[in-house]
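Engineer: Residue numbers (UniProt numbering): 52 to 469.
Yeah, the Cβ is synthetic: ideal placement off N, Cα and C, and Gly gets one too.
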Ligand code: GDP
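Below is the structure:
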């Protein structure tokens with residue numbers, strides 16, 4: 052680890068679109084969860100009265116509680132994923148390190164990545180490794196140890212090693228970008244497995260080419276397979292090791308336009324994943340090694356050009372920064388769409404379904420109440436009728452008694468007079 056400076060948050064970064072959207076959708080789902088729990092408790096209380104809510108309905112409400120909790124868990128873990136591909140030694144690990152501003156992944160001779168390596172942010176300031184199928188956190192003290200750990204392990208080429216690196220050391224990790232480095236596309240026959248296991252949820256793919264040679268059949272084939280499995284994958288192409296072109300300045304422009312034309316044709320005519328304009332903005336000429344060196348110098352407080360390998364450093368450095376900017380815009384927008392669009396429409400349909408179920412229940416409650424009211428009114432009417440009858444009877448009795456008394460009196464006075 053070269054320096055201990057904390058990375059300052061950059062709120063103008065396009066990645067903030069994703070960060071803000073993630074916070075918002077998590078907050079909304081928090082509210083949905085509260086609403087679902089409250090409603091289910093209410094419904095369960097109503098359930099005692101089987102006339103209003105039946106068992107099936109109660110179970111349906113409870114299933115929403117689990118559904119929403121599951122979506123919340125996925126949402127909290129959602130991140131933006133970028134996967135790097137290309138031949139061995141084209142500089143995939145170096146590009147990732149340059150973006151992370153630190154030599155995290157081992158690179159160079161003897162450090163060929165022989166499995167998938169995923170770099171993601173860790174909370175709590177510690178760095179550690181996790182191998183596929185294990186929850187054990189293997190402590191990583193320094194980069195040498197990490198390199199040795201990766202090389203000594205007999206890992207299957209399509210297995211995954213997760214490297215957790217302190218979030219506060221890099222803005223991309225802090226903003227939830229996850230990097231995936233792959234073994235060279237030239238070494239694997241299992242491209243299908245690779246894609247199924249590691250690529251289907253990638254938001255952006257970066258093809259790292261060696262600018263000193265042309266794109267190979269293996270590199271092309273890999274992306275053909277990717278674009279068959281995913282509709283319109285976002286692909287960036289980095290022509291790396293462009294520092295080498297400084298040795299032959301007379302050919303620089305013609306080589307560059309030749310590479311550009313091939314790369315644009317590949318994205319537009321072969322893969323059909325981009326139009327001409329977009330493809331033109333996704334092809335870059337960079338030097339990852341130089342950019343990494345420049346950034347390490349910057350972190351020590353030195354000017355970045357101290358990391359230069361050859362003439363033309365400034366142009367290559369700008370181009371790398373331009374790539375990062377466009378990459379950030381693309382990954383952020385794409386991840387918001389693919390990761391949150393589905394969840395927000397699911398949230399909408401859950402609350403819509405619950406609302407219509409509650410409307411139904413409300414309707415039933417209203418009918419039930421009216422029925423009770425009618426019964427009550429009927430009873431009242433009956434009571435009133437009885438009362439009138441009683442009054443009438445009483446009145447009649449009174450009359451009768453009165454008449455009887457009068458009759459008796461009459462009879463008595465008559466008898467007395469006689
Ligand atoms: P990977 O196998 O694709 O991951 O390639 P690495 O990143 O391990 O790079 C292989 C070797 O190429 C390392 O020695 C790097 O230092 C070197 N390298 C990577 N990028 C550049 C570059 O842009 N220019 C130069 N001159 N060397 C580079």
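Can you round the beta-carbon distance between residue 72 and residue 273 to whole angstroms, since I take them to be within the 8 Å contact cut?
Structural biologist: Going by Cβ atoms, the distance from residue 72 to residue 273 rounds to 31 Å, so no, they are not a contact pair.
Engineer: Of all the options 158, 324, 251, which has the alpha carbon lying nearest to the alpha carbon of residue 235?
Structural biologist: When only C-alpha atoms are compared, the closest one is 158.
Engineer: Hey, quick one: how far does the alpha helix (DSSP H) through residue 122 stretch, first residue to last?
Structural biologist: Start and end: 106-128.
Engineer: Cβ of residue 259 within 8 Å of Cβ of residue 334?
Structural biologist: Cβ atoms of residue 259 and residue 334: not closer than 8 Å.
Engineer: With hydrogens ignored, establish whether the beta-carbon of residue 139 is closer than 7 Å to any heavy atom of ligand 1.
Structural biologist: Yes.
Engineer: With DSSP collapsed to three states, give me the class of residue 173.
Structural biologist: Here residue 173 sits in strand by DSSP.
Engineer: What does a CB cutoff of less than 8 Å around residue 377 pick up in its chain, not counting 5 residues either side in sequence?
Structural biologist: For residue 377, where only same-chain residues beyond five positions count, the Cβ hits under 8 Å are 287, 332, 333.
Engineer: Would you tell me roughly how many angstroms separate the C-alpha atoms of residue 447 and residue 437, rounded to the nearest one?
Structural biologist: Each residue's Cα considered, the two are about 15 Å apart.
Engineer: For ligand 1, I want to know if residue 290 counts as a neighbour, meaning its beta carbon is within less than 7 Å of at least one of the ligand's heavy atoms.
Structural biologist: Residue 290 Cβ: outside cutoff for every heavy atom of ligand 1.
Engineer: Answer yes or no: the CB of residue 68 versus the heavy atoms of ligand 1, is any distance below 7 Å?
Structural biologist: It does not: the Cβ of residue 68 is nowhere closer than 7 Å to a heavy atom of ligand 1.
Engineer: Please name the residue, chosen from 365, 296, 243, that lies closest to residue 275 on a Cα-to-Cα basis.
Structural biologist: The residue with the shortest Cα to Cα distance from residue 275 is 243.
Engineer: With three or more beta-carbon pairs closer than 8 Å as the criterion, would you say the segment 397-409 touches the segment 357-366?
Structural biologist: The segment 397-409, when compared against the segment 357-366, does not touch it at the 8 Å Cβ threshold.
Engineer: Leaving out five residues on either side along the sequence, give the residues of the same chain with a beta carbon under 7 Å from the beta carbon of residue 139.
Structural biologist: If we look at residue 139 and ignore the five residues flanking it on each side, its Cβ neighbours are 163, 235, 237, 238.
Engineer: Does DSSP put residue 54 in a helix, in a strand, or in coil?
Structural biologist: In this prediction, residue 54 scores a pLDDT of 43, lower than 50, which makes its location untrustworthy; no coordinate-derived value is stated.
Engineer: May I ask whether a heavy atom of ligand 1 can be found less than 7 Å away from the beta carbon of residue 46?
Structural biologist: Any answer about residue 46 is impossible in this case: the structure gives the chain only from 52 up to 469.
Engineer: Regarding residue 407 and ligand 1, is the C-beta to nearest heavy atom distance less than 7 Å?
Structural biologist: For ligand 1, not one heavy atom lies less than 7 Å from the Cβ of residue 407.
Engineer: Have a look at the DSSP bridge pairing and note the partners of residue 213.
Structural biologist: For residue 213, which the question treats as bridged, DSSP gives the partners 169, 181.
Engineer: Give me the Cβ distance between residue 290 and residue 255, rounded to the nearest whole Å; I'm assuming they're in contact under 8 Å.
Structural biologist: Actually they do not touch by this definition, with Cβ atoms about 17 Å apart.
Engineer: Would the beta-carbon of residue 112 fall within 8 Å of that of residue 94?
Structural biologist: Taking 8 Å as the Cβ cut-off, residue 112 and residue 94 qualify as a contacting pair.
Engineer: Buried or exposed, going by whether 16 or more other CB atoms sit within 10 Å of the CB of residue 407?
Structural biologist: Flag for residue 407 reads exposed.
Engineer: With hydrogens ignored, establish whether the beta-carbon of residue 259 is closer than 7 Å to any heavy atom of ligand 1.
Structural biologist: Result yes, Cβ under 7 Å from ligand 1.
Engineer: Is the closest heavy atom of ligand 1 to the C-beta of residue 237 under 7 Å?
Structural biologist: Checking every heavy atom of ligand 1 against the Cβ of residue 237, none is found closer than 7 Å.
Engineer: Flag this pair as touching only if the segment 116-130 and the segment 318-330 have three or more C-beta atom pairs under 8 Å; answer yes or no.
Structural biologist: The answer is no - the segment 318-330 does not touch the segment 116-130, with fewer than three Cβ pairs under 8 Å.
Engineer: In whole angstroms, what is the alpha-carbon distance linking residue 115 and residue 327?
Structural biologist: Those two C-alpha atoms are separated by around 46 Å.
Engineer: Are the CB atoms of residue 130 and residue 227 within a distance shorter than 8 Å?
Structural biologist: The answer is yes: Cβ separation under 8 Å.
Engineer: Helix, strand or coil for residue 271 per DSSP?
Structural biologist: Three-state result, residue 271: helix.
Engineer: Are the beta-carbon atoms of residue 169 and residue 214 separated by less than 8 Å?
Structural biologist: Yes, these two residues count as a Cβ contact at 8 Å.
Engineer: What is the rounded straight-line gap between the Cα of residue 384 and the Cα of residue 77?
Structural biologist: So the two alpha carbons sit approximately 17 Å from each other.
Engineer: Return the bridge partner residues of residue 132 from the DSSP annotation.
Structural biologist: Residue 132 is bridged to 229.
Engineer: When we look at the beta-carbon of residue 54 and count the other beta-carbons within 10 Å, is it buried (16 or more) or exposed?
Structural biologist: Because the pLDDT at residue 54 is just 43, under 50, the model does not fix this residue reliably, and the value given afterwards should be weighed accordingly. With fewer than 16 Cβ atoms within 10 Å of its Cβ, residue 54 is classed as exposed.
Engineer: Compute every distance between the C-beta of residue 186 and the non-hydrogen atoms of ligand 2, then say whether any falls below 7 Å.
Structural biologist: In the structure on display, ligand 2 does not appear, and the ligands it does have are ligand 1.
Engineer: Any heavy atom of ligand 1 closer than 7 Å to the beta-carbon of residue 363?
Structural biologist: For ligand 1, not one heavy atom lies less than 7 Å from the Cβ of residue 363.
Engineer: Would you decide whether residue 454 is buried or exposed? Buried here means 16 or more other CB atoms lie within 10 Å of its CB.
Structural biologist: Result: exposed.
Engineer: Would you kindly check if the distance between the Cβ of residue 257 and the Cβ of residue 293 is under 8 Å?
Structural biologist: Contact flag unset, no.
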